[in-house]
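Q: Below are the structure tokens for one structure; questions will follow.
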Amino acid sequence: MNHPVEEKVSVITIFDSHTGEVRPIKIEWHNRVYVVKKIGYHHKVRMGRTLLHYFSVQSETVYFKLRVDTDNLHWTLEEVYNNESTT
Amino acid sequence: MNLPLNHNIPNIMHIDLNSCFAMIEQQANPFLRKKPIAVAAYATANGCILAPSIEAKGYGIKTGMRVRDARLLCPNLIVRAPDPSKYRDVHIKFRNIFRDYSPSVTPKSIDEAILDFSTQRYTQENLVAIAHEIKQRMKTEIGDWITCSVGLATNRALAKLGAGLHKPDGLDIITHKNLRDTLSTLKLIDICGIADKNEVRLNSFGIFTPVQFLDASEITLKRVFGGFVGYYWYMRLRGWEIDDVDYGRKSIGQQYALQHHTANPEELARLLMKLTEKMGRRLRADGSAAQGVHVSVVYQDYMHWHQGKKFDSQLYTSQELYKKVLWLFNRRPYPGKTVSKLAVSCFDLIPSESAQLGLFDRNIDKKRKVSDAMDVINDKYGEFVITPALMMGMDGEILDRIAFGRIRELEKIETI
Chain A
1 MNHPVEEKVS
11 VITIFDSHTG
21 EVRPIKIEWH
31 NRVYVVKKIG
41 YHHKVRMGRT
51 LLHYFSVQSE
61 TVYFKLRVDT
71 DNLHWTLEEV
81 YNNESTT
Chain U
88 MNLPLNHNIP
98 NIMHIDLNSC
108 FAMIEQQANP
118 FLRKKPIAVA
128 AYATANGCIL
138 APSIEAKGYG
148 IKTGMRVRDA
158 RLLCPNLIVR
168 APDPSKYRDV
178 HIKFRNIFRD
188 YSPSVTPKSI
198 DEAILDFSTQ
208 RYTQENLVAI
218 AHEIKQRMKT
228 EIGDWITCSV
238 GLATNRALAK
248 LGAGLHKPDG
258 LDIITHKNLR
268 DTLSTLKLID
278 ICGIADKNEV
288 RLNSFGIFTP
298 VQFLDASEIT
308 LKRVFGGFVG
318 YYWYMRLRGW
328 EIDDVDYGRK
338 SIGQQYALQH
348 HTANPEELAR
358 LLMKLTEKMG
368 RRLRADGSAA
378 QGVHVSVVYQ
388 DYMHWHQGKK
398 FDSQLYTSQE
408 LYKKVLWLFN
418 RRPYPGKTVS
428 KLAVSCFDLI
438 PSESAQLGLF
448 DRNIDKKRKV
458 SDAMDVINDK
468 YGEFVITPAL
478 MMGMDGEILD
488 RIAFGRIREL
498 EKIETI
């Protein structure tokens, strides 16, 4: 089951100058660090003049939907899905 | 007339994303892959299933089913609420891929498009190679879980039929050589445009199978469907193009299946306001004014009432539209009955620059400028940042959703 969260989170991202790709690589949430294994999907949404980037990412056992506001570069965790609790 | 089958190269390609919304959710969250999932309008028991995954379809779950009924078929079903911005993003990405191959790309809905190669000198083998390349690019450039089914034929109708033959990830070509064999594997209602009522019409003339439909004479089909419609079917089944006409936008509308059914007139008035505001924003963004509005109400007992009216004055601002919408709405029978669905639309669209101002309301121009200013603010700071007072506190109502059918607003967007 997906759980809505809406909490600010700490995220380490990397910019790959060869591919031009920016992606999150680690997420700290509730005092645990999750290593991002895979980016499921990345998309953008315009809210008025503000551009938001959404990253749907997967660690070993948890799925995170992250949002970054390009105005202030803050990261918000929108929802999680814990695969361990559903299998 | 005794028209032969079209022997031309099948240069119309229909591409259909498989179980689109569910597949995109599985793309985004790999833990959902190979599991029965469904995207529903609301992830509650009464929510309507919009898109079951391939795995969920295996349990007999279909679009239109209630979540509670789907869970009876599959207790482990994972239900997701829609994420329209993600689906629009995928749509724009695949549409941009398609435009690399054909100058004529017509999106038919959020998950289907037609590529017309008739002005390009491709062989059938070239087009098959293009289809495979598109499939691969969708995996590489959109997501590794994204698949589509492709149909190639000499016209749009048969290309769509081809795209529906093998799902997921199919590629089927229908030509004059295999048309009859292909039709022999199908039922009448497998043909787009033939549902229960048309099936009964055909049956009443002794036509029970698609092959019999193909073999029927032009005269018979004109008797079945009447005049031109029968003629179009005669042409369509033989692979001749009839459907490459863009009739232009005739109306703009919004509909809403209420999460909480109600008969409360104040709540219904507020919902109508939000629907009208959304409709009005789209109308003005289209550069149009309207001359008529239409209101539709579905009650909790499934009774349906609707009425439309054309007016002498042109309607442009949300206020102008709302006055007419509410006037029509108040004419509904059974005002005390609980409502489950509302829809508003405006029709007879004209360019807003040519809209005439009324003789007796000198404030019309001022009101329209205020409306335009509100649109500029909402465009800049976000949808519904500034709204009519009646809409205060309605953030969680009438959420963003994807319409069925062609979405003309998306066709103007190159990238988000």
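Line order of the protein sequences matches chains A and U.
Quick note on my numbering: the first sequence kicks off at 1 and runs consecutively.
Quick note on my numbering: the second sequence kicks off at 88 and runs consecutively.
Where a beta carbon is used, it is the ideal one built from N, C-alpha and C, also for glycine.
Out of A/L51, A/N31, A/V9, A/I39, point me to the one whose CA is closest to U/Y468's CA.
A: Nearest C-alpha to U/Y468: A/L51.
Q: Does the CB of A/N83 have a neighbour CB from chain U at under 7 Å?
A: Chain U contact via Cβ: present.
Q: Would you mind working out which of U/K284, U/I201, U/K428 sits nearest U/L358, comparing C-alpha positions?
A: Closest option to U/L358, Cα to Cα, is U/K428.
Q: CA-CA distance, U/I261 and U/R455?
A: Going by the C-alpha atoms only, they are around 52 Å apart.
Q: Can you tell which of U/G367, U/A143, U/I102, U/E407 has the C-alpha that lies nearest to the C-alpha of U/H253?
A: Of U/G367, U/A143, U/I102, U/E407, the residue nearest in Cα terms is U/I102.
Q: Grab the span of the alpha helix (DSSP H) containing U/A218 for me, first residue to last.
A: Unbroken alpha helix (DSSP H) run through U/A218: 211-228.
Q: Among U/K410, U/S458, U/G395, U/G249, whose alpha-carbon lies nearest the alpha-carbon of U/D435?
A: When only C-alpha atoms are compared, the closest one is U/G395.
Q: For a contact defined as C-beta to C-beta under 9 Å, what are the partners of U/S140 on chain A?
A: Correct list: empty, because the minimum Cβ distance to chain A is about 15 Å.
Q: Determine the burial state of U/S383: buried for a count of at least 16 other Cβ atoms within 10 Å of its Cβ, exposed for fewer.
A: Buried: at least 16 other Cβ atoms inside 10 Å.
Q: When DSSP labels each residue in this structure, what does U/V177 get in the three-state scheme?
A: Helix.
Q: Under 7 Å, Cβ to Cβ, is there at least one residue of chain U near A/V45?
A: True, the Cβ-Cβ gap to chain U drops below 7 Å.
Q: What residues in its chain sit with their C-beta under 6 Å from that of U/E328, if we drop five residues either side in the sequence?
A: Hits under 6 Å: N242.
Q: With a threshold of 16 other CB atoms inside 10 Å of the CB of U/Q341, please say whether the residue is buried or exposed.
A: Answer is buried; the Cβ neighbour count reaches 16.
Q: Going by other Cβ atoms of all chains shown within 10 Å of its Cβ, with 16 needed for buried, is A/W75 buried or exposed?
A: Flag for A/W75 reads buried.
Q: Taking the alpha-carbon positions, what's the U/S205 to A/V22 distance?
A: Using only the alpha carbons, I get a separation of about 40 Å.
Q: Give me the residue from U/E199, U/T227, U/A350 with the minimum Cα distance to U/S236.
A: Of the listed residues, the one whose Cα sits closest to U/S236 is U/E199.
Q: For U/T349, which residues of its own chain have a beta-carbon under 8 Å away from its beta-carbon, when the five flanking residues on both sides are left out?
A: Same-chain partners within the cutoff: L355, T425, V426.
Q: Of all Cβ atoms in chain A, is any one closer than 7 Å to the Cβ of U/K173?
A: So yes, U/K173 belongs to the interface.
Q: What residue ranges within the region 379-408 of chain U form continuous beta strand (DSSP E) runs of no fewer than 3 residues, ordered along the chain?
A: Here the runs fully enclosed are 391-402.
Q: Which residues of the region 59-81 of chain A have a Cβ closer than 8 Å to any Cβ of chain U? Give them in chain order.
A: Within the region 59-81 of chain A, the qualifying residues are Y63, K65, Y81.
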